[in-house]
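Take 2 as the starting number for the sequence shown in UniProt numbering and just add one per residue. A virtual CB, placed ideally from N, CA and C, is assigned to each residue, including glycine. Since the model is a prediction, treat every value here as computed from it, not as a measurement.
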Amino acid sequence: AAQIWYENDGDLSVLEGKKVAIIGYGSQGHAHALNLRDSGVDVVVGLRPTSKSVEFAKEQGLEVKSVPEAAAEADIIMILAPDQYQAKIFKNDIEPNWKPGTALAFAHGFNIHYGYIKPSEDHPIFMVAPKGPGHIVRREYAAGRGVPVVVAVEQDPRGDAWQITLAYAKALGALRAGAIKTTFKEETETDLFGEQNVLMGGINHLCDMGFDVLTEAGYQPEIAYFEVFHELKMLVDLANEGGLNKARWSCSDTAQYGDYTCTVINEETKKRMEYQLKRIQDGSFAKEFMDDQAAGAPKFKALQEKFSHPHLETVGPKLRAMFSWNNQGVKDADEAQSF
Ligand code: NDP
Ligand code: MG
Ligand code: MG
């Protein structure tokens with residue numbers, strides 16, 4: 002069974018007298034910086050001086066420095082810039098400036114696992130990867146709860162890397178929920194697999210395609226939106242509470258029978274998933290993404306443009322604005338900035 006750590010397994014005193022640099026102040030960055038600070042940790046935020054986030058971080062009472070300055074004084078550096086820029090940040094701003102033995106931390110294993118960042122052996126390397134968006138990591142902490150994390154250690158030159166990892170996870174509020182032990186390899190490959198095949202690549206296309214099929218068959222788009230998209234959240238909420246069986250239990254027998262006999266997801270779909278997994282495992286997905294990014298992201302930008310008008314959204318804004326069930330998403334000032 003997986004090893005899971007909770008609140009009593011982390012010791013915040015491990016971070017006493019240590020400076021933690023959080024690089025980036027986006028989705029994860031603001032949550033890590035604020036949660037650690039509120040847990041009594043000495044935090045400095047590292048940002049480009051031109052970043053619009055400098056003011057947001059300062060307004061929250063955080064100390065902000067350039068990335069080289071923050072890296073130079075840190076005992077622990079958590080990199081929370083987008084994955085495709087991390088290697089450059091490490092090479093240009095961190096590696097030339099950090100102290101011997103400074104620990105390097107990540108919220109996703111991508112750059113270490115695929116070898117884009119290769120720190121020398123005297124630096125501990127660990128991961129605290131929240132299994133939720135940064136704004137929920139912050140919101141849950143403020144409510145006295147936490148978002149679960151997966152944790153891993155890649156390099157442990159002094160033998161203290163796990164203590165630091167669990168202390169960091171505790172300061173983030175994550176041990177209130179639990180930290181599951183993993184490896185950089187497992188976290189990276191499963192994270193990519195999940196977002197590509199199920200959470201995003203799977204669901205997003207499934208919803209939009211369902212909408213197309215109904216509207217092309219002449220049904221009203223407003224009705225189609227409700228049937229293939231709006232209700233998804235409620236089923237996911239039930240499934241989160243009590244698993245797929247609870248979501249099924251709450252639906253009609255008619256719906257259940259249709260679910261069990263559906264032929265859309267089939268052995269062919271499974272073969273496609275296995276193919277996607279292979280491209281993750283052999284590094285070809287990572288290489289394709291990073292090569293495109295290095296060339297200025299022409300392919301990525303074209304895809305963003307191509308998919309920027311989901312057919313669902315022809316009626317989405319109107320319907321979401323009409324009904325009080327929508328809470329309009331994230332509203333807090335410190336949350337809104339990165340959207
Ligand atoms: P964001 O896109 O939200 O982070 C953007 C931040 O990075 C901004 O503050 C930006 O500053 C800064 N940044 C960009 N380039 C540089 C640079 N060259 N030097 C310094 N700062 C820079 O990232 P996420 O929070 O989404 O992702 C961060 C990490 O967390 C990734 O490894 C990701 O995989 C992981 N993760 C993310 C999750 C999420 O909820 N989004 C969930 C779990 C893990 P500027 O204003 O200058 O552009
Ligand atoms: Mg993920
Ligand atoms: Mg991911």
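Practice prompt. Output the distance between the C-alpha atoms of glutamate 56 and proline 50, rounded to the nearest integer angstrom.
Written response: Their backbone Cα atoms lie some 10 Å apart in a straight line.
* Asked: Can you give the beta carbon distance from isoleucine 90 to isoleucine 24, rounded, assuming they're within the 8 Å contact cut?
  -> Contact between isoleucine 90 and isoleucine 24 is confirmed by a C-beta separation of about 6 Å, below the 8 Å threshold.
- Query: Given a threshold of 16 other Cβ atoms within 10 Å of its Cβ, counted over all protein chains shown, does glycine 62 qualify as buried or as exposed?
  - Reply: Around the beta carbon of glycine 62, fewer than 16 other beta carbons lie within 10 angstroms, which makes this residue exposed.
Report task. Could you tell me if the beta carbon of tyrosine 226 falls within a distance shorter than 7 Å of some heavy atom in ligand 1? Result -> Tyrosine 226: no, Cβ never under 7 Å from ligand 1.
For this session: May I ask whether a heavy atom of ligand 1 can be found less than 7 Å away from the beta carbon of isoleucine 24?
Result: Yes, ligand 1 has a heavy atom inside 7 Å of this Cβ.
(message) Check this for me: beta carbons of alanine 170 and alanine 180, under 8 Å apart or not?
(response) Remark: C-beta atoms of alanine 170 and alanine 180 approach each other more closely than 8 Å.
Provide the residue(s) that pair with aspartate 43 in DSSP beta bridges, ordered along the chain. Within the DSSP secondary-structure output, aspartate 43 pairs in a beta bridge with Lys20.
Given this structure, state the Cα-to-Cα distance separating phenylalanine 185 from phenylalanine 194, to the nearest angstrom.
About 14 Å.
State the start and end residues of the unbroken beta strand (DSSP E) segment that holds isoleucine 78.
-> Counting along the chain, the beta strand (DSSP E) containing isoleucine 78 begins and ends at 77-80.
Requested in this report: Output yes or no for whether 8 Å exceeds the beta carbon distance between aspartate 293 and proline 299.
Outcome: Closer than 8 Å, so yes.
Starting from proline 83, follow the beta strand (DSSP E) in both directions and report where the run begins and ends.
Premise fails: proline 83 is in no beta strand (DSSP E) and is neither H nor E.
>> Among Lys271, Arg273, Met235, Phe230, whose alpha-carbon lies nearest the alpha-carbon of proline 311?
In response: That would be Phe230, whose Cα lies nearest to the Cα of proline 311.
inquiry  = Pull the bridge partners of isoleucine 5 from the DSSP assignment, please.
reply    = Note: isoleucine 5 sits in a beta bridge opposite Ile181.
In whole angstroms, give me the CA-to-CA distance for glycine 41 and isoleucine 95. Each residue's alpha carbon lies about 25 Å from the other.
Next item on the list: Apply the 10 Å Cβ neighbour rule to tryptophan 6 and answer buried if 16 or more other Cβ atoms are within range, or exposed otherwise.
Entry: By the neighbour-count rule (16 or more Cβ atoms within 10 Å), tryptophan 6 is buried.
Got a sec: does ligand 3 put a non-hydrogen atom nearer than 7 Å to the Cβ of glutamate 196?
For ligand 3, at least one heavy atom lies less than 7 Å from the Cβ of glutamate 196.
task: Please determine, among Ser52, Ser67, Asn267, Ile80, the residue with the shortest C-alpha to C-alpha distance to methionine 128.
output: When C-alpha distances from methionine 128 are compared across Ser52, Ser67, Asn267, Ile80, the shortest belongs to Ile80.
So is aspartate 84 in contact with chain B if we call contact Cβ pairs under 8 Å?
Absent here is chain B; the protein component of the structure consists of one chain.
| query | Expressed to the nearest angstrom, what Euclidean distance is found between the alpha-carbon atoms of lysine 302 and alanine 130? | reply | Put simply, the backbone Cα of lysine 302 is about 27 Å away from that of alanine 130.
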